[in-house]
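A.B. asks: If you read the sequences in order, they're chains A and B.
Final position of the first sequence in my numbering is 296; the numbers increase by one with none missing.
Final position of the second sequence in my numbering is 1227; the numbers increase by one with none missing.
Note that CB positions come from ideal geometry on N, CA and C, so glycine has one too.
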Amino acid sequence: MCGIVGLFLKKDDLRPKLGDMLTDMLITMTDRGPDSAGIAIYGEEAVGQIKITIQSDTPDTDFADLEQALSAAIDAPASVKPVDTHAVLVLPVEKEAAAVEFLEGKGLRIMGVGTSMEIYKEVGLPREVAARFGLRAMGGSHGIGHTRMATESAVTTMGAHPFSTADDQCLVHNGSLSNHNQMRRKLAKKGVFTKSENDTEVGAAYISSRIADGATLGQALEGTIDDLDGFFTFVTGTKNGFGVVRDPIACKPAVMAETDDYVAFASEYRAFADLPGIDAAKVWEPEPATVYFWER
Amino acid sequence: MPTLDMSTTPLREVNVTLQQAAKSQANAVYEITNPRGSHAVAVGLDGPLSVTVKGSTGYYCAGMNKTATIRVEGSAGPGVAENMMSGEVVIEGDASQYAGATGRGGLLNIKGNASSRCGISMKGIDIVVHGNIGHMSAFMAQKGNLVVLGDAGDALGDSLYEARLFVRGTVKSLGADCVEKEMRPEHIEILQDLLDRAGADAKPEEFKRYGSARRLYNFNIDHADEY
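(1) Is the Cβ-Cβ distance between tyrosine 120 of chain A and isoleucine 52 of chain A less than 8 angstroms?
(2) Any heavy atom of the ligand NAD closer than 7 angstroms to the beta-carbon of aspartate 57 of chain A?
(3) Output the distance between the C-alpha atoms of cysteine 170 of chain A and alanine 1176 of chain B, rounded to the nearest integer angstrom.
(4) With DSSP as the reference, label leucine 1107 of chain B as helix, strand or coil.
(5) Is the Cβ of alanine 273 of chain A closer than 8 angstroms to any Cβ of chain B?
(6) Run through DSSP, which three-state label would glycine 105 of chain A get?
(7) Histidine 173 of chain A and threonine 151 of chain A: beta carbons closer than 8 angstroms?
(8) Compare the C-beta of glutamate 285 of chain A against all C-beta atoms of chain B and say whether one is closer than 8 angstroms.
(9) From leucine 217 of chain A to glutamate 287 of chain A, what distance separates their C-alpha atoms?
(10) By a C-beta neighbour count over all protein chains shown, 10 Å radius and 16 as the cutoff for buried, is phenylalanine 193 of chain A buried or exposed?
(11) Closest to glutamate 104 of chain A by CA distance: which of A:Met117, A:Asp62, A:Gly3, A:Met138 is it?
(12) Nearest-angstrom Cα distance between alanine 1062 of chain B and glutamate 197 of chain A?
(13) Listed in chain order, which residues of the segment 1121 to 1149 of chain B have Cβ atoms closer than 9 angstroms to some Cβ of chain A?
(14) Report the start-end ranges of each beta strand (DSSP E) in the segment 3 to 58 of chain A that is 3 residues or longer and not cut off at the edges.
(15) Answer with buried or exposed for phenylalanine 1219 of chain B, where buried requires no fewer than 16 other C-beta atoms within 10 angstroms of its C-beta.
(16) Listed in chain order, which residues of the segment 1052 to 1080 of chain B have Cβ atoms closer than 7 angstroms to some Cβ of chain A?
(17) Mind checking who leucine 1045 of chain B pairs with in its DSSP beta bridge?
(18) By DSSP's criteria, serine 79 of chain A is part of a beta bridge. Which residues make up the other side?
(19) Per DSSP, what kind of secondary structure is glutamine 68 of chain A in: helix, strand or coil?
(20) Using the beta-carbon of each residue, which ones in chain A are nearer than 7 angstroms to aspartate 1046 of chain B?
(21) Name the residues in the segment 232 to 251 of chain A whose C-beta lies less than 9 angstroms from a C-beta of chain B; which are they?
(22) If contact is defined by three or more beta carbon pairs under 8 angstroms, each pair taking one atom from either stretch, is the segment 1044 to 1055 of chain B in contact with the segment 1016 to 1035 of chain B?
(23) With a threshold of 8 angstroms between beta carbons, is arginine 1036 of chain B in contact with chain A?
(24) Among the residues of its own chain, which have a CB less than 6 angstroms from the CB of glycine 243 of chain A, if the five just before and after it don't count?
(25) Serine 1115 of chain B: which of A:Val255, A:Leu187, A:Asp274 sits nearest, CA to CA?
(26) Step through the CB atoms of chain A and report whether any lies within less than 8 angstroms of the CB of serine 1096 of chain B.
(27) State the start and end residues of the unbroken beta strand (DSSP E) segment that holds phenylalanine 242 of chain A.
(28) What is the residue span of the beta strand (DSSP E) that histidine 1223 of chain B lies within?
(29) Fully enclosed by the segment 1060 to 1146 of chain B, which beta strand (DSSP E) runs are 3 residues long or longer?
(30) Distance cutoff 8 angstroms, beta carbons only. Does serine 1115 of chain B sit that close to anything in chain A?
(31) Would you say arginine 32 of chain A lies against chain B (beta-carbon separation less than 8 angstroms)?
(32) Closest Cβ-Cβ distance between proline 126 of chain A and chain B: below 8 angstroms?
(33) Quick check: what's the CA-CA separation for glutamate 44 of chain A versus aspartate 168 of chain A?
Laid out in structure tokens, this is it:
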């Protein structure tokens, strides 16, 4: 079991409330996944710059003089905003590769990179994880959250969802993939590498790899139906988009709601109970082996 | 009419109250407000109680129902009316996976669509779905009637025993050992009764009947050499 929530806003006036709405949805899914929780949120775009979300088990020492050290290493101004065990770094877009090399060299974990995406995930109850990162106060255009009950790999920060395998792309998953080791080897031959033993990260890398090869988000999601084996309900985010796909057996639950203001996804209807206008929303169960996506 | 507000009353208290009322207050009428997608609402009722749920429910609503009438004024999550014995369950919206699974009797009346595995392993329940049903519906269904006013998904009636399936729309594909069968007068009569009871605006003549070809489960002495 696991819980998934997602919210894609169609209008700007709800943007300041995105984190608040997603947090309530996430906490409602606690009993589907109490061991870790995470959220990817697409907030303010850093124009001409790139945001890197990092994680450390010893943030006090690691983040203390990071701003100076990183700026020196990439020879450009970089800002560091610590958020509990995570920090969001903002730096010139052309310095991304140098910054990632420097950060990984220091043993810091890269959660995600993008012009608007930030990723926060930790071990613990969803309510506690949300409070640590102050998710309620975060605004944005769309976001995806996950509550995890681990099956395929250990309960660790890196095993928590969402997984990001390309700039501004992320994936959350309920289910388990059975051909992930084979797919991991196939992707490695193409030069696409994963960081964890987790099956979902392979799914994320597969989608990123297809998009990098020129596929649209919709085409990449179509590809999961043929190329990934196992059980999955996937929800994926890109800079401008939000997509959903379920495997053909579709035993992992999914429900969607749409109003003029938003498109929402959840593992269970419970997560929608507090959304504005839910009583008048179009609510439906996504069909098996069918791709749904919205882009702005 | 007694009202149980689930925003202030714990689920267990709601169910205990309903279960006791079903036993002690013949034909009492209860209303449940603010279900907010809760699991296991109004389960295990054993008596002629009438319950209206004002909103959508989560997993396993109205499970094991006996004699009671339960109306959900919203949609229902997975496993609605699972193992129902008798009585009636009405879903005004849609039902999720495995609606009416293993049901032994009574009527499950779904006004919207039902998703995958509707009526899986049904054992005597009657299910009427006013919309469409998803894939693998009536898988291993043993007894009872599944009536679908809309379309059916893939692998309808796979490994079917003796349940009757009536579909008005298209069937995407039939499962193993499920075949279309002749609609005889007795089937028209059964179907007319079910449509009337479910308040469905349809004529029995518009439906096709599907059932078991009996090649999969029925031992045939002529095939003894194959074992």
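C.D. replies: Reading it off the structure:
(1) no
(2) The ligand NAD is absent from the structure shown, which contains no ligands of any kind.
(3) 39 angstroms
(4) strand
(5) yes
(6) helix
(7) no
(8) yes
(9) 18 angstroms
(10) exposed
(11) A:Asp62
(12) 41 angstroms
(13) Gly1134, His1135, Met1136
(14) 36 to 42, 49 to 55
(15) exposed
(16) Ser1056, Gly1058, Ser1075, Gly1077, Pro1078
(17) According to DSSP, which records beta bridges pairwise, leucine 1045 of chain B is partnered with nothing at all.
(18) A:Val90
(19) helix
(20) Within chain A, no residue comes near aspartate 1046 of chain B; the closest Cβ sits about 27 angstroms away, beyond 7 angstroms.
(21) Pro248, Ile249, Ala250, Cys251
(22) yes
(23) yes
(24) Leu217, Leu221, Thr236, Phe293
(25) A:Val255
(26) yes
(27) 241 to 246
(28) Careful: histidine 1223 of chain B lies outside any beta strand (DSSP E) and carries neither H nor E.
(29) 1069 to 1072, 1088 to 1091, 1107 to 1110, 1123 to 1129
(30) yes
(31) no
(32) no
(33) 12 angstroms
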